[in-house]
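Asker: My numbering applies: residue 11 is where the sequence shown begins, and numbers increase by one.
Please find one structure pasted underneath; my questions will follow.
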Amino acid sequence: MKIGRFLALGAALALLALPAFAQKAAELTRDEVLAKHYEAIGGLDNWKKVGSIKFDAKMTMGPGVEAPATMTLKRPNKIRMEFTFQGMTGVQAFDGTNAWMVMPFMGKTDPEAMTDEQSKNIKEQADLDGPLVDWEADGNKVELVGKEEVEGTETYKLQVTLKNGDVRYHFLDSEVFLQIRQSGKTTIQGQEVEIETTVGDYKEVGGLVIPHSFETSAKGQPQGQTITVTAVEIDPEVADELFVMPEKKAPVAE
């Protein structure tokens with residue numbers, strides 16, 4: 011009788027343990043998480059067909075401070091960003107080799123080459139696919155480091171070590187596998203700063219699923235920057251010259 015009760019108790023405990031075991035067995039691997047992410051954003055094949063993409067957006071940098079902006083990307087690794095504020099337009103661009111900018115807000119109306127620090131940041135942004143696509147070919151390393159809750163949402167946390175050694179963390183919603191946050195450290199004016207970007211408002215554009223909202227802030231800073239995408243154009247005709255630094259204007263002879 012005691013043996014029967016013992017066996018019955020053992021069977022009951024085994025049944026209670028089954029859901030936990032099944033849940034553990036159902037956890038996804040890194041490659042499975044990435045595969046679901048690729049599917050969620052519209053499929054790798056569809057993304058790789060895109061040769062260029064243009065975003066129109068509105069940048070909010072503080073109470074009552076807004077600036078219209080555009081960002082154009084073209085393969086391979088070309089990017090141009092423009093933003094207008096107080097009647098002046100700034101430009102940051104990378105042509106695949108050289109990074110340059112025009113910053114009239116700082117009294118610099120002629121194009122000039124970026125510093126190594128500035129170039130590093132814009133080169134990272136020039137990857138049309140982002141660091142999770144073709145990551146091995148790009149020299150990146152991707153690791154699934156576990157799950158983490160982000161503002162009430164369970165996410166898969168991916169650690170991405172870029173080819174240059176910088177580390178980024180990508181948080182993918184564990185149900186829909188879209189990215190909802192990215193964080194990492196970057197260098198701004200010689201100081202290492204931890205940057206966090208919350209991503210959302212996904213919409214389908216031409217079969218691709220693209221975020222339309224980005225909220226970026228530095229850790230410890232009360233204010234950040236919000237970018238709201240107002241329009242997306244897939245495969246616009248874009249000349250390579252758009253990304254090349256123009257020659258400085260010759261001074262006008264008096």
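Positions of the beta carbon are idealized from the N, C-alpha and C atoms, including for glycine.
Compute the Euclidean distance between the alpha carbons of lysine 64 and histidine 222, then round it to the nearest angstrom.
Answerer: Distance between the alpha carbons of lysine 64 and histidine 222 is about 12 Å.
Asker: Between the C-alpha atoms of aspartate 105 and aspartate 176, what's the straight-line distance to the nearest angstrom?
Answerer: About 22 Å.
Asker: Let me make sure I understand the geometry here. Which of Phe115, Ile220, Lys258 and Pro78 has the alpha-carbon closest to that of isoleucine 190?
Answerer: If we check each option's Cα against that of isoleucine 190, Ile220 comes out closest.
Asker: Measuring CB to CB, does alanine 50 end up less than 9 Å from lysine 68?
Answerer: No, the Cβ-Cβ distance between alanine 50 and lysine 68 is not below 9 Å.
Asker: In three-state terms, what does DSSP make of valine 209?
Answerer: Strand, per DSSP.
Asker: Could you tell me the boundaries of the beta strand (DSSP E) in which leucine 44 lies?
Answerer: Unbroken run through leucine 44 is the alpha helix (DSSP H), 40 to 50; no beta strand (DSSP E).
Asker: Determine the DSSP secondary structure at phenylalanine 95, reduced to helix, strand or coil.
Answerer: If DSSP states are grouped into helix, strand and coil, phenylalanine 95 belongs with the strands.
Asker: Name the DSSP beta bridge partners of methionine 81, please?
Answerer: According to DSSP, which records beta bridges pairwise, methionine 81 is partnered with Phe65 and Met91.
Asker: Indicate whether the contact test is met: 3 or more Cβ pairs, each with one atom in the segment 150 to 170 and one in the segment 98 to 115, closer than 8 Å.
Answerer: Short answer: they don't touch.
Asker: So tryptophan 110 is in the alpha helix (DSSP H); what residue range does that whole segment cover?
Answerer: Counting along the chain, tryptophan 110 falls outside any alpha helix (DSSP H), though it belongs to the beta strand (DSSP E) covering 109 to 113.
Asker: Do the segment 112 to 120 and the segment 130 to 147 meet, that is, are 3 or more Cβ pairs less than 8 Å apart?
Answerer: No, the segment 112 to 120 is not in contact with the segment 130 to 147.
Asker: Quick one: what does DSSP say phenylalanine 253 is sitting in, helix, strand or coil?
Answerer: Looking at phenylalanine 253 - three-state DSSP - the assignment turns out to be helix.
Asker: Thinking just about the alpha-carbon of each residue, which of Thr107, Leu182 and Val75 is nearest to the one in phenylalanine 93?
Answerer: When each option's Cα is compared against that of phenylalanine 93, the closest is Val75.
Asker: Tell me the DSSP bridge mates of lysine 167?
Answerer: The partner list for lysine 167 (beta bridge, DSSP) reads Gly156 and Phe181.
Asker: Using the C-alpha atoms, what's the distance from glycine 200 back to glutamate 243?
Answerer: Going by the C-alpha atoms only, they are around 35 Å apart.
Asker: Considering glutamate 134, what are the terminal residues of the beta strand (DSSP E) in which it resides?
Answerer: Glutamate 134 -> not in any beta strand (DSSP E); alpha helix (DSSP H) instead, spanning 126 to 135.
Asker: Counting only the same chain and skipping the five closest in sequence on each side, list residues whose C-beta sits under 7 Å from that of alanine 24.
Answerer: Confidence is the limiting factor: at alanine 24 the pLDDT is only 38, short of 50, which leaves the residue's position unreliable, though a coordinate-based value still follows. Nothing meets the Cβ criterion.
Asker: For leucine 172 and chain C, any beta-carbon pair shorter than 9 Å?
Answerer: Judged by its chain identifiers, the structure shown contains no chain C, having just a single protein chain.
Asker: Looking at threonine 70 and isoleucine 198, is the spacing between their C-beta atoms short of 9 Å?
Answerer: Not a contact, by the Cβ cut-off of 9 Å.
Asker: Using the rule of at least 16 other Cβ atoms within 10 Å of the residue's Cβ for burial, across every protein chain shown, is valine 186 buried or exposed?
Answerer: Exposed is the call here.
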